[in-house]
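Colleague: Next up is a structure, given as structure tokens.
Numbering (this note's numbering), first residue to last: 3 to 70.
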């Protein structure tokens, strides 16, 4: 539990509000991350480090826009 009563940890907030819909915030964050990745790839030549072998983005039938 957090020591400051005005501030809660993420886990405290989620346990008190288990049915909060954060899908809109998630979509916005995903879009921001995707835009950053695209801009970096446009500007720099990038390739995965060998230690990332087999660690690709997730895929989802429920949310086909996410992942690659």
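We put the beta carbon where it would ideally sit given N, CA and C, even for glycine.
Rounded to a whole number of angstroms, what is the C-alpha to C-alpha distance between residue 34 and residue 28?
Modeller: Between residue 34 and residue 28, the C-alpha separation is close to 10 Å.
Colleague: Taking DSSP as the reference, what is the three-state secondary structure of residue 52?
Modeller: DSSP places residue 52 in helix when its eight states are reduced to three.
Colleague: Considering just the uninterrupted stretch of the alpha helix (DSSP H) at residue 8, what are its terminal residues?
Modeller: Taken as a continuous stretch (DSSP letters only), residue 8 belongs to no alpha helix (DSSP H), as it is neither H nor E.
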